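Peer 1:
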Amino acid sequence: MADTTTRAKLQWGLLNAVVVVFALIPVLWIMSLSFKTPATLTDGKFIPREWTLENYRNIFDTDQFVRALVNSIGIALIATAIAVVLGTMAAYAIARLDFPGKRLLVGVALLIAMFPQVSLVSPLFEIERQLGLFDTWPGLILPYITFALPLAIYTLSAFFKQVPWDLEKAAKMDGATQGQAFRRVIAPLAAPGVFTTAILVFIFCWNDFLFAISLTSTERSRTVPVALSFFTGESQFEDPTGAICAAAVVITVPIILFVLFFQRRIVSGLTSGAVKG
Amino acid sequence: MADIVLDKVSKKFPDGTIAVRDVDLEIADGEFVILVGPSGCGKSTTLNMIAGLEDISSGELRIGGERVNDKAPRDRDIAMVFQSYALYPNMTVRENMAFPLRLAKLDQATIEQKVEEAAKVLELTPLLDRKPANLSGGQRQRVAMGRAIVRKPKAFLMDEPLSNLDAKLRVQMRTVVSRLQKRLGTTTVYVTHDQTEAMTLGDRVVIMRGGAVQQVGPPQELYDHPHNLFVAGFIGSPSMNFLPATLEEGRLRTALGDVPIGDRIRRELSRADAPRELILGIRPEHFEDAELVDEETRRRGIVFEAPVDIVESMGSDKYVYLTVEGERATAAELKELAADAGAADFTGVGSHLVTRLSAESTVTEGENRRVWFNLEKIHLFNPADGRNLTLREGRAAGALAD
Numbered sequence: 098m099a100d101t102t103t104r105a106k107l108q109w110g111l112l113n114a115v116v117v118v119f120a121l122i123p124v125l126w127i128m129s130l131s132f133k134t135p136a137t138l139t140d141g142k143f144i145p146r147e148w149t150l151e152n153y154r155n156i157f158d159t160d161q162f163v164r165a166l167v168n169s170i171g172i173a174l175i176a177t178a179i180a181v182v183l184g185t186m187a188a189y190a191i192a193r194l195d196f197p198g199k200r201l202l203v204g205v206a207l208l209i210a211m212f213p214q215v216s217l218v219s220p221l222f223e224i225e226r227q228l229g230l231f232d233t234w235p236g237l238i239l240p241y242i243t244f245a246l247p248l249a250i251y252t253l254s255a256f257f258k259q260v261p262w263d264l265e266k267a268a269k270m271d272g273a274t275q276g277q278a279f280r281r282v283i284a285p286l287a288a289p290g291v292f293t294t295a296i297l298v299f300i301f302c303w304n305d306f307l308f309a310i311s312l313t314s315t316e317r318s319r320t321v322p323v324a325l326s327f328f329t330g331e332s333q334f335e336d337p338t339g340a341i342c343a344a345a346v347v348i349t350v351p352i353i354l355f356v357l358f359f360q361r362r363i364v365s366g367l368t369s370g371a372v373k374g
Numbered sequence: 005m006a007d008i009v010l011d012k013v014s015k016k017f018p019d020g021t022i023a024v025r026d027v028d029l030e031i032a033d034g035e036f037v038i039l040v041g042p043s044g045c046g047k048s049t050t051l052n053m054i055a056g057l058e059d060i061s062s063g064e065l066r067i068g069g070e071r072v073n074d075k076a077p078r079d080r081d082i083a084m085v086f087q088s089y090a091l092y093p094n095m096t097v098r099e100n101m102a103f104p105l106r107l108a109k110l111d112q113a114t115i116e117q118k119v120e121e122a123a124k125v126l127e128l129t130p131l132l133d134r135k136p137a138n139l140s141g142g143q144r145q146r147v148a149m150g151r152a153i154v155r156k157p158k159a160f161l162m163d164e165p166l167s168n169l170d171a172k173l174r175v176q177m178r179t180v181v182s183r184l185q186k187r188l189g190t191t192t193v194y195v196t197h198d199q200t201e202a203m204t205l206g207d208r209v210v211i212m213r214g215g216a217v218q219q220v221g222p223p224q225e226l227y228d229h230p231h232n233l234f235v236a237g238f239i240g241s242p243s244m245n246f247l248p249a250t251l252e253e254g255r256l257r258t259a260l261g262d263v264p265i266g267d268r269i270r271r272e273l274s275r276a277d278a279p280r281e282l283i284l285g286i287r288p289e290h291f292e293d294a295e296l297v298d299e300e301t302r303r304r305g306i307v308f309e310a311p312v313d314i315v316e317s318m319g320s321d322k323y324v325y326l327t328v329e330g331e332r333a334t335a336a337e338l339k340e341l342a343a344d345a346g347a348a349d350f351t352g353v354g355s356h357l358v359t360r361l362s363a364e365s366t367v368t369e370g371e372n373r374r375v376w377f378n379l380e381k382i383h384l385f386n387p388a389d390g391r392n393l394t395l396r397e398g399r400a401a402g403a404l405a406d
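In order, the protein sequences belong to chains A and B. In this note's numbering, each residue's number is its place in the first sequence (first place is 1) plus 97. In this note's numbering, each residue's number is its place in the second sequence (first place is 1) plus 4.
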């Protein structure tokens, strides 16, 4: 018995290692490139022969990248906050209430999530130019919210459905108002759902390239993925690969921080013990 | 502490179903009242209306003399224990019990003291700093009760609080609930679908069916003097035996032989609208092995012979299942009871009688046995409306009464 479990463990460990290596090698390769000097960039060595921080210094010296980073963080955070707040309210209503048109609402939300974004780019471009939203923060925040909301509503309503309704009734019997019941009993239990959703929405906003490149034209609201694509060297003879790699490493940092920060709060099984069964 | 009065309280849902129909009920201060009935009878809806978790469609609800129809649950000052316990999983036992006090904005010292006090009553003191997830079912149940008693509300509402416990613990918790209620003397409304719980716990029992109250009374009274077929079939375990009976030439013809009837029943049955087909009801303990019945007792009943199907020896007495010829009794109430027991599609052939005979009886499976039953204890029901025809001023008098 013990034999088979050790073997099973080994097999699983091996499989996991393969998956992790497969996923991490490109990332590590980019990291390695970002520390190489232009001369050794193409030497094909995984571990740089000459370490340098020049690439990092360069990208933070250019106003272009720093501006884009600020834009990205601002736009993604605002869009995430709004989408999560709206999504929480909508999901709570969907999970708890029976109102006319509920199925329709859920269906339409799903439809929006499935809509090919590419087909919306040119109409959005025209609309935003007319409204003066083109190349502004709201010009990106609005479409991000539109596409993030269905995602938020779906994940959150799944979480709200797990919170036993009896808890809310119990809170009311214990003397809580509707608001208190939500804040002190329901919201803490749905917190893992809220954080999960926040991470998903943030990553979606952070990674978007399509809207960002179509609906911006200057540094005013250009986000990092787009700024990266505009990276060129100081002169046209300079190879920007090192700088691009450094920038790529830098922009994954906020995501990693964001996930690490919220991951502690995503404790599964938080509702266990509330009700029997 | 307060009395609770339901005055023609009804609940109609938006889709048109009427869950509760004109319920009149007066629950005295300090009384322990049980609402019991099969699933869907409206007992939980009634409780939720008292709690304020469901709106009252019509009628009036008064707690402590004050109309509370439009008051939010938090303003009614009543506590509720849920079937699922509904403990807040993110809080410790202490925080769970302190929650209602904290919402009432009591100061920290008072809260501490009250929680300790309630914990002591329910023997929860060593568990105060645990989370609900680390408690057993019975402990969770006690925490839920602790959360209810901690703020000394006007009334307790309990929605099947014991039905999630295993059988042994349920019996134990039953006495805990009973003792707690007596000790605190708080008006309590308790919902259950288990007739044993209803019989053992309550001062008074309210039997509901299809949203309407069937009968209200102390447990023994419901058992001895059921107003109708439904109450008779619902209360008692094993339940009452029902047999079809036909009125012929002043006697009732049944599968157990001809049953003589007294003057009063005869008068009742000679009315123009009286039914010709009746349902005869006999409780299992009103049968006895004919060999063990002395001459004088024998005269108060009749003896019949039937094949013995199964004998279950309980030690103190024997449950004997007899097979009898002929149809089973049919009525809407009986169908409903069978469905509630989950036996609607499991009927077998012919009808069976459940009898409870003395342990001294030498009855064996497979033989034909002579069995006596007591005519003074039988009930006659009208199959059309389920009414108990043997009742007179609320007392059942058997078939022979003059």
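Backbone N, C-alpha and C define an ideal beta-carbon position, used for all residues, glycine too. Bear in mind the structure is a predicted one, so any value in this text is a computation, not a measurement.
Thr274/A versus chain B: which residues are under 8 Å apart at the beta carbon?
Peer 2: Per Cβ cutoff of 8 Å: Ala76, Arg78.
Peer 1: Could you check which residue in Ala249/B, Leu393/B, Ala294/B has the C-alpha nearest to that of Gly330/B?
Peer 2: It is Ala249/B.
Peer 1: From the beta carbon of Phe359/A, is the nearest beta carbon of chain B less than 7 Å away?
Peer 2: Not one chain B Cβ lies under 7 Å of Phe359/A.
Peer 1: Nearest CA to the CA of Pro387/B: which residue from Lys339/B, Ser317/B, Thr301/B, Leu282/B?
Peer 2: Measuring from the Cα of Pro387/B, the nearest candidate turns out to be Leu282/B.
Peer 1: Hey, Ile38/B and Tyr194/B: beta-carbon distance below 7 Å or not?
Peer 2: Their beta carbons are under 7 Å apart, which means Ile38/B touches Tyr194/B by this criterion.
Peer 1: Taking Cβ positions, are Ser254/A and Ile179/A nearer each other than 7 Å?
Peer 2: Contact: no.
Peer 1: So what does DSSP say about Gln161/A, is it helix, strand or coil?
Peer 2: In the structure shown, Gln161/A sits in a helix (DSSP, three-state: H, G or I).
Peer 1: Assuming Pro135/A and Gly290/A make a contact with CB atoms under 8 Å, what is their CB distance in whole Å?
Peer 2: The pair is not a contact, with the Cβ atoms about 47 Å apart (cut-off 8 Å).
Peer 1: So Arg213/B packs on Phe234/B, CB below 8 Å; how close in whole Å?
Peer 2: At roughly 5 Å, the Cβ-Cβ gap stays under 8 Å, so Arg213/B and Phe234/B are in contact.
Peer 1: Could you say which of Thr313/A, Met270/A, Ile353/A, Tyr189/A lies nearest to Trp234/A if we only look at CA atoms?
Peer 2: Comparing Cα-Cα distances from Trp234/A to each of Thr313/A, Met270/A, Ile353/A, Tyr189/A, the minimum goes to Thr313/A.
Peer 1: Does any residue of chain B bring its CB to less than 7 Å from the CB of Leu183/A?
Peer 2: Answer no: the Cβ-Cβ gap between Leu183/A and chain B never drops below 7 Å.
Peer 1: Would you kindly work out how many angstroms separate the C-alpha atoms of Val209/B and Gln185/B, rounded to a whole number?
Peer 2: Rounded to whole angstroms, Val209/B to Gln185/B spans 15 Å at the Cα level.
Peer 1: How should Asn232/B be labelled, buried or exposed, when 16 other C-beta atoms within 10 angstroms of its C-beta is the threshold for buried?
Peer 2: Classification of Asn232/B: buried, given that the 10 Å Cβ count is 16 or more.
Peer 1: Short of 6 Å in beta carbon distance, which residues of its chain neighbour Asp81/B, apart from the five on each side in sequence? Order them along the chain.
Peer 2: Same-chain partners within the cutoff: Pro157, Lys158.
Peer 1: Determine which residues of the stretch 83-100 of chain B have a Cβ less than 7 Å from any Cβ of chain A, and write them out in chain order.
Peer 2: Those would be Ala83, Met84, Phe86, Ser88, Tyr89, Ala90, Leu91, Tyr92, Pro93, Asn94, in chain order.
Peer 1: Among residues of its own chain, excluding the 5 on either side of Phe355/A, which ones have a beta-carbon nearer than 7 Å to its beta-carbon?
Peer 2: Excluding residues within five positions, the ones whose Cβ falls inside 7 Å are Ile296, Phe299.
Peer 1: Pick helix, strand or coil for Pro248/B, following the three-state DSSP scheme.
Peer 2: Residue state, collapsed to three classes: strand.
Peer 1: Just checking my contact of Ser362/B with Glu292/B at CB under 8 Å: how many whole Å lie between their CB atoms?
Peer 2: Indeed, because the Cβ distance is near 7 Å, the residues count as touching under 8 Å.
Peer 1: Between Ala152/B and the rest of its own chain, which residues show a CB-CB distance below 6 Å, the 5 nearest in sequence each way excluded?
Peer 2: Closer than 6 Å at Cβ, skipping near neighbours: Ala83, Val85, Phe160.
Peer 1: Rounding to the nearest angstrom, what Cα-Cα distance links Leu325/A and Arg226/A in this structure?
Peer 2: For Leu325/A and Arg226/A, the distance between alpha carbons rounds to 24 Å.
Peer 1: Can you list, in chain order, the residues of its chain with a C-beta nearer than 7 Å to that of Thr327/B? Leave out the 5 residues immediately preceding and following it.
Peer 2: Correct list, in chain order: Ala310, Pro311, Asp313, Gly354, His356.
Peer 1: Which residues bound the beta strand (DSSP E) around Ala23/B?
Peer 2: Here the beta strand (DSSP E) through Ala23/B covers 22-31.
Peer 1: Among the residues of its own chain, which have a CB less than 6 Å from the CB of Ser14/B, if the five just before and after it don't count?
Peer 2: Counting only Cβ-Cβ distances below 6 Å, and skipping sequence neighbours, we find Val24, Arg25, Asp26, Ser61, Ser62, Gly63.
Peer 1: Quick one: residues in its chain with C-beta nearer than 8 Å to the C-beta of Cys45/B, no 5 flanking neighbours on either side, listed in chain order?
Peer 2: Result list for Cys45/B: Met212, Arg213, Gly214, Gly215, in chain order.
Peer 1: Name, please, each residue of chain A whose Cβ falls closer than 9 Å to the Cβ of Ala171/B.
Peer 2: Near Ala171/B there are no residues of chain A at all, since even the closest Cβ is about 15 Å away, more than 9 Å.
Peer 1: Whole angstroms are fine: how far does the CA of Gly41/B sit from the CA of Lys47/B?
Peer 2: Near 7 Å, if we compare the C-alpha coordinates of Gly41/B and Lys47/B.
Peer 1: So for Ala6/B, helix, strand or coil by DSSP?
Peer 2: Reduced to three states, the DSSP call for Ala6/B is coil.
Peer 1: According to DSSP, is Asn94/B part of a helix, a strand, or is it coil?
Peer 2: If DSSP states are grouped into helix, strand and coil, Asn94/B belongs with coil.
Peer 1: Establish whether the CB of Phe377/B and some CB of chain A are separated by less than 7 Å.
Peer 2: Taking Cβ atoms only, chain A never reaches closer than 7 Å to Phe377/B, which makes this a no.
Peer 1: Hey, Ala90/B and Ala148/B are a contact pair by Cβ (cut 8 Å); roughly how many whole angstroms apart?
Peer 2: Indeed they touch by this definition, with Cβ atoms about 7 Å apart.
Peer 1: According to DSSP, is Ser129/A part of a helix, a strand, or is it coil?
Peer 2: Helix, per DSSP.
Peer 1: Here's the rule: buried if 16 or more other CB atoms are within 10 angstroms of the residue's CB, otherwise exposed. What is Val217/B?
Peer 2: That one is buried.
Peer 1: Return the CA-CA distance between Gly390/B and Asp207/B, expressed in angstroms with no decimal places.
Peer 2: In a straight line, the C-alpha of Gly390/B is about 26 Å away from that of Asp207/B.
Peer 1: Considering only residues of the same chain and omitting the five flanking positions on each side of Leu409/B, which have a CB-CB separation below 7 Å?
Peer 2: No statement about residue 409/B is possible, as the shown extent of chain B runs from 5 to 406 and does not include it.
Peer 1: Using the Cβ count rule (16 or more neighbours within 10 Å means buried), how would you classify Asn372/B?
Peer 2: Exposed, since its Cβ has fewer than 16 Cβ neighbours within 10 Å.
Peer 1: Are the C-beta atoms of Lys373/A and some chain B residue less than 7 Å apart?
Peer 2: Because Lys373/A carries a pLDDT of 47, less than 50, the predicted location of this residue cannot be relied on, and no value is offered for it.
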